[in-house]
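Each step along the sequence shown adds one to the number in UniProt numbering, with nothing skipped, and position 51 is 51.
Using N, Cα and C, we set each Cβ at its ideal position, and we do this for glycine too.
First comes the structure, then the notes that go with it.
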Amino acid sequence: MEKEYDIEKLNPRKNPYAKRVKKQITINIDGDTIDFFKAKSEKCGIPYQTLINLYLSDCKEQNRELELKWN
Numbered sequence: 001m002e003k004e005y006d007i008e009k010l011n012p013r014k015n016p017y018a019k020r021v022k023k024q025i026t027i028n029i030d031g032d033t034i035d036f037f038k039a040k041s042e043k044c045g046i047p048y049q050t051l052i053n054l055y056l057s058d059c060k061e062q063n064r065e066l067e068l069k070w071n
């Protein structure tokens, strides 16, 4: 083992998983919406945060458009 390494001689590679790392955020979600996902998550046996992430990822992959109606 060398005492010092020359970084220039190393072969650095980008982390292939870097894009897949989840980012922690703070978001305000209505209580009844959280309760909905918690109930669904209990049936599926996965954490409700994971279920919400899966749902949002599916919306992104399917390129779903939201129908917003203002009363």
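Run the CB neighbour count on residue i, radius 10 Å, all protein chains shown included, and call it buried at 16 or more, exposed below.
| i | result |
| --- | --- |
| Ile27 | exposed |
| Ile52 | buried |
task: Say whether the stretch 30-44 touches the stretch 61-69, bearing in mind that this needs 3 or more beta-carbon pairs closer than 8 Å, one atom from each stretch.
output: no
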